[in-house]
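In the working numbering, the protein residues as written are 15 to 141.
Structure, rendered in structure tokens:
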């Protein structure tokens, strides 16, 4: 993300990352599991940032609520949107780690959070 990104760009990036995380995790914890983790993440993060409190994830498909998430983040100053967005994902990662362990969490989230590589995939040298 560019340092001079505005709140809308930051909000769009957060929504994009959340969509990637949702896709990566649904096969492991299911739609309801992802929604439950996101609800808990929002609850914990909103305790420190009350402007997140209006966002509720009531449905099993948490991706339905990304428009509301984007609206809330876009309404914040860019520095706040960036800081709280980072905190939101950190909290989510910590909760996921308590559920499925650090190694699996990092492996699943790396696929969602890492930029695509232009290099060819490494080959396993073992016979």
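We put the CB at the ideal spot given by N, CA and C, even for glycine.
**Item:** Contacting residues, own chain, Cβ-Cβ under 7 Å from residue 55 (five flanking each side not counted)
**Value:** One-based indexing of the chain shown puts residue 55 at position 41. The beta carbon of residue 55 sits closer than 7 Å to the beta carbons of 102, 105, 106 and 109 from its chain, once the five residues preceding and following it are set aside; these are given in chain order.
**Asked** With 16 other CB atoms within 10 Å as the buried threshold, where does residue 92 fall?
**Response** For this step, residue 92 is matched to residue 78 along the chain shown. Its Cβ being crowded by 16 or more others within 10 Å, residue 92 is buried.
**Asked** How many Å lie between residue 44 and residue 123 at the Cα?
**Response** In the chain shown, residue 44 corresponds to position 30, counting from 1. In the chain shown, residue 123 corresponds to position 109, counting from 1. Straight-line Cα distance between these residues: approximately 15 Å.
**Request:** Thinking residue 36 and residue 48 are a contact (beta carbons under 8 Å), I'd like their distance in whole angstroms, please.
**Result:** Locating residue 36 in the chain shown gives position 22, where the first residue counts as 1. Locating residue 48 in the chain shown gives position 34, where the first residue counts as 1. So it is a contact: roughly 5 Å between Cβ atoms.
**Message:** Taking 7 Å as the threshold (C-beta atoms), are residue 100 and residue 111 in contact?
**Reply:** Against the chain shown, residue 111 aligns to sequence position 97. Against the chain shown, residue 100 aligns to sequence position 86. Not closer than 7 Å, so no.
**Prompt:** Where does residue 63 fall in DSSP's three states?
**Reply:** In the chain shown, the residue the question calls residue 63 occupies position 49. DSSP, read as helix, strand or coil, puts residue 63 in coil.
**Item:** Through-space distance from residue 83 to residue 98, alpha-carbon basis
**Value:** Numbered from 1 along the chain shown, position 84 holds the residue referred to as residue 98. Numbered from 1 along the chain shown, position 69 holds the residue referred to as residue 83. In a straight line, the C-alpha of residue 98 is about 12 Å away from that of residue 83.
**Item:** Test item: CB-CB of residue 90 and residue 21 under 7 Å
**Value:** The residue you call residue 90 lines up with position 76 of the chain shown. The residue you call residue 21 lines up with position 7 of the chain shown. For the 7 Å CB-CB criterion, residue 90 and residue 21 form a contact.
**Request:** State yes or no: is the C-beta of residue 29 within less than 7 Å of the C-beta of residue 80?
**Result:** Counting from 1 along the chain shown, the entry for residue 29 is found at position 15. Counting from 1 along the chain shown, the entry for residue 80 is found at position 66. Against a cut-off of 7 Å, the Cβ pair of residue 80 and residue 29 comes out as a contact.
**Beta-carbon gap between residue 125 and residue 24 smaller than 7 Å** = The count along the chain shown starts at 1 and reaches residue 125 at position 111. The count along the chain shown starts at 1 and reaches residue 24 at position 10. No.
**Request:** With DSSP as the reference, label residue 91 as helix, strand or coil.
**Result:** Taking the first residue of the chain shown as 1, we reach residue 91 at position 77. Coil.
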